[in-house]
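Notes to accompany the following structure.
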């Protein structure tokens, strides 16, 4: 036996001793077909699918979870490795090589947004059902989200436009105050999620607009920017607003890990934009960060709160990173770059890798995604639509393969119309609440997200996975942190035919079938 083999066996025995991966079992999905190209899983007060504790894998075993358009949801199979590295030759077969010694970025995690709309929907159902919904996302019985995004005051997924300080001229922010939407809706749900979770939940805030009186158009909507210029009293007051938000949430028990400088700053240059927005050019955001936001957070004792630049479409990455991160006075305050997915078709994901390669000290985080009417065929809420789940997994694999550290969905729960939304900008969501029937539906998007969030915990590291030839399969691999120290490979098959798959690693060979229109997570 070689030294390498002895080391591998020893490490495997150590992993079993300190806590090898235990594949949790998933209870039965109550499936319902609405005729939209797939199925949902129905949850009521009495029944809802969930995970339960499993049995640790042996050193020569692997587990594979499968979800499919045909109706499988986290279907679990365990088997033993083949020890010979048999090379398949059929053009219909796909062979992947996993090299866990080649490692890339560490993973921050996965999650969604605690919007006003999501909170209203969750409070529109019974306490028991509300617990099941939050558990589905945040507990060990669910898919274990570990990131939560918080709109700072109102956005379109509110029932009204509001800010935390509508007192005209109050540059000292003496009248800054959270509102009922925070205190009675969002924060209690976040605290419940924190209690349910075995992981630390990372929260970050994003503003849609400053108070109307602080803006050039005196409106929270439409073409408008912050009055004045960086370094003046108006900009310092806006930076103080951020600090007050962090402090107010801390008083309520929510630690803010990061803030984005502005949600979609490009929107504030669109005439008659229908919901809350505020415009920055890259130079304007650079100057606000270095003159006002960064110094204010440091002065108020929040230097540990990370600042995320951009928080907008991929097409702006190159120019914004060049403008902001080449300025040392701004760059010293910036920790990462936020990107949205809505216009990804206009620029390949290589843009993320190019940005990382030029600025490797700044993380890239996918901060918002949803299926909206501009990107999809009707209906807006398409119950059971498997193709929408495919789009989520495709985006996650693409972004993380190009150095993103995580992926954050938009609303965690919407109603049957895709709202509420005060400007009727309705969209789809991984969980849809039918309050009238006392039910909620887990969409295919929920399960696609779960194939990542459940099995790729924070601190995991992307590893090298390569294919022996061309394939329509999409794939990505990770190694997880202690105590499990597992290898995870996720496979997406968007085609309507099965694919014979072989995965080769130093641990042995896996030979399996990837079903038509499915996503699989392999773990060993």
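Residue numbers (mature numbering (1 follows the signal peptide of the UniProt record, and there is no 0)): -20 to -1, 1 to 504. We put the beta carbon where it would ideally sit given N, CA and C, even for glycine. These figures come from a predicted structure and were not determined experimentally.
query: Contact between the stretch 184 to 194 and the stretch 140 to 155: three or more CB pairs below 8 Å?
result: yes
(message) Could you tell me which whole beta strand (DSSP E) segments of length 3 or greater appear in the stretch 441 to 468?
(response) Counting whole runs of 3 or more residues, the stretch 441 to 468 contains the beta strand (DSSP E) stretches 441 to 447, 454 to 459.
Fill in: Whole-angstrom distance between residue 209 and residue 280, CA atom to CA atom
On the chain shown, position 300 is the one that residue 280 refers to. On the chain shown, position 229 is the one that residue 209 refers to. Approximately 22 Å between the Cα atoms of the pair.
Margin query: To the nearest angstrom, how far is the alpha carbon of residue 115 from that of residue 213?
Written below: Position 135 of the chain shown holds residue 115. Position 233 of the chain shown holds residue 213. Distance between the alpha carbons of residue 115 and residue 213: 45 Å.
Report the option in 487, 15, 11, 41 whose CA atom is closest to the CA atom of residue 27.
-> Translated into positions along the chain shown, residue 27 becomes position 47. Nearest C-alpha to residue 27: 11.
(message) For a test of the three-state rule: what should DSSP assign to residue 320, helix, strand or coil?
(response) In the chain shown, residue 320 corresponds to position 340, counting from 1. Here residue 320 sits in strand by DSSP.
Provide the residue span of the alpha helix (DSSP H) that contains residue 198, from first to last.
The residue labelled residue 198 in the question sits at position 218 within the chain shown. Premise fails: residue 198 is in no alpha helix (DSSP H) and is neither H nor E.
| What did DSSP end up calling residue -7 once you bin it into helix, strand or coil? | Mapped onto the chain shown, residue -7 falls at position 14. Residue placement at residue -7 cannot be trusted, given a pLDDT of 35 that sits under 50; the coordinates are not used to answer.
Where the beta strand (DSSP E) through residue 59 begins and ends:
Within the chain shown, the letter at position 79 stands for residue 59. From DSSP, the beta strand (DSSP E) with residue 59 extends over 55 to 60.
Q. Is it the case that the Cβ atoms of residue 316 and residue 258 are separated by a distance below 8 Å?
A. Here residue 316 refers to the residue found at position 336 of the chain shown. Here residue 258 refers to the residue found at position 278 of the chain shown. The answer is no: Cβ separation not under 8 Å.
Quiz prompt | Alpha-carbon to alpha-carbon, residue 373 and residue 444 | solution = Taking the first residue of the chain shown as 1, we reach residue 444 at position 464. Taking the first residue of the chain shown as 1, we reach residue 373 at position 393. Going from the Cα of residue 444 to the Cα of residue 373 covers about 18 Å.
task: Hey, could you find the ends of the beta strand (DSSP E) residue 227 is sitting in?
output: In the chain shown, residue 227 corresponds to position 247, counting from 1. From DSSP, residue 227 is part of no beta strand (DSSP E) but of the alpha helix (DSSP H) over 213 to 231.
Length-filtered (4 minimum) alpha helix (DSSP H) runs lying within the stretch 258 to 334: 262 to 268, 274 to 279, 297 to 305, 308 to 311
Practice item. Return the chain-ordered list of same chain residues with a C-beta closer than 8 Å to the C-beta of residue 113, the five sequence neighbours on each side being excluded. Key: Stepping through the chain shown from its first residue, residue 113 is reached at position 133. Hits under 8 Å: 23, 102, 105, 393, 411, 413, 420.
Does DSSP put residue 31 in a helix, in a strand, or in coil? By one-based count along the chain shown, residue 31 stands at place 51. Strand at residue 31.
Counting C-beta neighbours from all protein chains within 10 Å, is the total for residue 32 16 or more, i.e. buried, or is it exposed?
For the purposes of this step, residue 32 is taken as residue 52 along the chain shown, with counting starting at 1. By the 10 Å Cβ count, residue 32 comes out exposed.
Counting beta carbon pairs with one atom in the stretch 160 to 172 and one in the stretch 239 to 251, are three or more of them shorter than 8 Å? no
Inter-residue Cα distance where the pair is residue 321 and residue 375: In the chain shown, counting from the first residue as 1, residue 321 sits at position 341. In the chain shown, counting from the first residue as 1, residue 375 sits at position 395. Each residue's Cα considered, the two are about 8 Å apart.
Roughly how many angstroms separate the alpha carbons of residue 431 and residue 130, rounded to a whole number?
-> Within the chain shown, residue 431 is the residue found at index 451, counting from 1. Within the chain shown, residue 130 is the residue found at index 150, counting from 1. Cα to Cα, the separation comes out at about 24 Å.
Q. Quick one: Cα of residue 399 to Cα of residue 227, how far?
A. Locating residue 399 in the chain shown gives position 419, counting from the first residue. Locating residue 227 in the chain shown gives position 247, counting from the first residue. Their Cα atoms are separated by approximately 29 Å.
Going by the beta-carbon positions, is the gap between residue 18 and residue 391 smaller than 8 Å?
As a working note, residue 18 is residue 38 in the chain shown. As a working note, residue 391 is residue 411 in the chain shown. In this structure, residue 391 does not lie closer than 8 Å to residue 18 by Cβ.
**N- and C-terminal bounds of the beta strand (DSSP E) containing residue 128** = By 1-based counting over the chain shown, the position of residue 128 is 148. That run of the beta strand (DSSP E) goes 127 to 132.
Query raised in the report: Excluding the five sequence neighbours on either side, which residues of its own chain have a C-beta within less than 7 Å of the C-beta of residue 378, listed in chain order?
Result: If you number the chain shown from 1, residue 378 lands on position 398. Cβ neighbours of residue 378 beyond the five flanking positions: 329.
Check your understanding: Which of helix, strand or coil does DSSP assign to residue 166?
Key -> Taking the chain shown and counting its residues from 1, the one referred to as residue 166 is at position 186. Helix.
**Prompt:** Roughly how many angstroms separate the alpha carbons of residue 262 and residue 107, rounded to a whole number?
**Reply:** Looking up residue 262 in the chain shown gives position 282. Looking up residue 107 in the chain shown gives position 127. So the alpha carbons of these two residues sit roughly 45 Å apart.
Problem set entry | Assigned secondary structure, residue 245 (DSSP; H/G/I helix, E/B strand, else coil) | Taking the chain shown and counting its residues from 1, the one referred to as residue 245 is at position 265. Secondary structure at residue 245: helix, using DSSP grouped into helix, strand and coil.
Taking the alpha-carbon of residue 417 as reference, which of 15, 1, 16, 25 has the nearest alpha-carbon? The residue you call residue 417 lines up with position 437 of the chain shown. The option with the nearest alpha carbon to residue 417 is 25.
Exercise. Out of curiosity, what's the CA-to-CA distance linking residue 381 and residue 217?
Worked result: Position 401 of the chain shown, counting from 1, holds the residue named residue 381. Position 237 of the chain shown, counting from 1, holds the residue named residue 217. Each residue's Cα considered, the two are about 39 Å apart.
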